Amino acid sequence: LLTIAGVEGPYVAVGPYVGGHFARVFAGSYPDEVVGLVLVDSLHPDGAMYRWEIISEVFSPEEIEEDRQRDIEAWARLGLDLETSMAQVAAVDSLGDMPLVVLTPELWGLGVLDRRLTMEIVERWHRVWTDELQPDLATLSANSTLIIIEGADHRSMLMQVEVIDAIRQMVEEVRAQED
Numbered sequence: 072l073l074t075i076a077g078v079e080g081p082y083v084a085v086g087p088y089v090g091g092h093f094a095r096v097f098a099g100s101y102p103d104e105v106v107g108l109v110l111v112d113s114l115h116p117d118g119a120m121y122r123w124e125i126i127s128e129v130f131s132p133e134e135i136e137e138d139r140q141r142d143i144e145a146w147a148r149l150g151l152d153l154e155t156s157m158a159q160v161a162a163v164d165s166l167g168d169m170p171l172v173v174l175t176p177e178l179w180g181l182g183v184l185d186r187r188l189t190m191e192i193v194e195r196w197h198r199v200w201t202d203e204l205q206p207d208l209a210t211l212s213a214n215s216t217l218i219i220i221e222g223a224d225h226r227s228m229l230m231q232v233e234v235i236d237a238i239r240q241m242v243e244e245v246r247a248q249e250d
């Protein structure tokens, strides 16, 4: 599509939230054209599994299955098969030394909070997200930076100056290497 649109590479791919999956697959599929990747609070292919495990303390197996079905339906509305998409993302397990920046918020929750989700459960999810899943994304490249944005939450990430700065810096570094 970029070629058809006349947009010439090299490219810096930026993927916020679910777009991080698409950017990761694009970067892995076109490593000669993509020279940098910025993941903005990107989903992790194992994120749902961890979420379901954590909330299983208060949700029944039937409720967790309903949650899983909602995820499948949400992906289907995008024209995608959830399990196929997750497999494609997981297949991109290394970006070599491609410059990679992973940005994640300091604050996080479980989406629309259910009254049964105690602060302990929400905190546990936050720790898994911030201390395990996002750092794991940073291991995709030997040339990565993980940035936790203080005071930001999932909904405010795209409005954070640190996100704009990280994208701008990546583009400037790529341009400097071209010269």
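When we follow the working numbering, the leftmost residue of the sequence shown carries the number 72, and every step to the right adds one.
Quick reminder that beta carbons are idealized off the backbone N, C-alpha and C, glycines included.
Since the structure is predicted, the reported quantities are computational estimates derived from the model, not experimental observations.
{"query": "Cutting at 8 angstroms between CB atoms, please list the residues of its own chain near V199, excluding the five before and the five after it.", "result": "Y121 and I125"}
{"query": "According to DSSP, what are the bridge partners of A84?", "result": "L108"}
{"query": "Report, in whole angstroms, the separation of the C-beta atoms of A48 and G86, which I expect to be a contact under 8 angstroms.", "result": "The chain is shown from 72 up to 250; residue 48 falls before or after that span and cannot be answered."}
{"query": "In whole angstroms, what separates the C-alpha of D112 from that of V234?", "result": "10 angstroms"}
{"query": "One question on the structure: do D145 and P116 come within less than 7 angstroms of each other, judged by their Cβ atoms?", "result": "In the sequence as displayed, the identity of residue 145 is Ala instead of Asp. Result no, Cβ atoms of A145 and P116 do not sit closer than 7 angstroms."}
{"query": "Can you round the beta-carbon distance between V106 and P132 to whole angstroms, since I take them to be within the 8 angstroms contact cut?", "result": "V106 to P132, Cβ: 45 angstroms. No contact."}
{"query": "Mind checking which residues open and close the beta strand (DSSP E) that includes S215?", "result": "S215 to I220"}
{"query": "Can L108 and L188 be called in contact, C-beta distance under 7 angstroms?", "result": "no"}
{"query": "Using only CA atoms, which one of V232, L72 and L73 lies nearest to E221?", "result": "V232"}
{"query": "Enumerate in chain order the residues of its own chain whose CB-to-CB distance from V209 is below 6 angstroms, with the five nearest sequence positions on each side excluded.", "result": "Before going further, note that residue 209 is Ala rather than Val in the sequence given. Same-chain partners within the cutoff: V173, S215 and L217."}
{"query": "Going by other Cβ atoms of all chains shown within 10 Å of its Cβ, with 16 needed for buried, is G99 buried or exposed?", "result": "buried"}
{"query": "Going along the chain, which residues of its own chain have a beta-carbon closer than 8 angstroms to the beta-carbon of A213, five neighbours each way excluded?", "result": "G167 and D168"}
{"query": "Kindly indicate the opening and closing residues of the beta strand (DSSP E) around P176.", "result": "L171 to P176"}
{"query": "Tell me the start and end of each unbroken alpha helix (DSSP H) in the region 107-137 that is at least 4 residues and wholly inside, in chain order.", "result": "118-126"}
{"query": "Would you decide whether L211 is buried or exposed? Buried here means 16 or more other CB atoms lie within 10 Å of its CB.", "result": "buried"}
{"query": "To the nearest angstrom, how far is the alpha carbon of L229 from that of D202?", "result": "21 angstroms"}
{"query": "What's the C-alpha gap between Q205 and V83?", "result": "19 angstroms"}
{"query": "I need the DSSP call for E243, collapsed to helix, strand or coil.", "result": "helix"}
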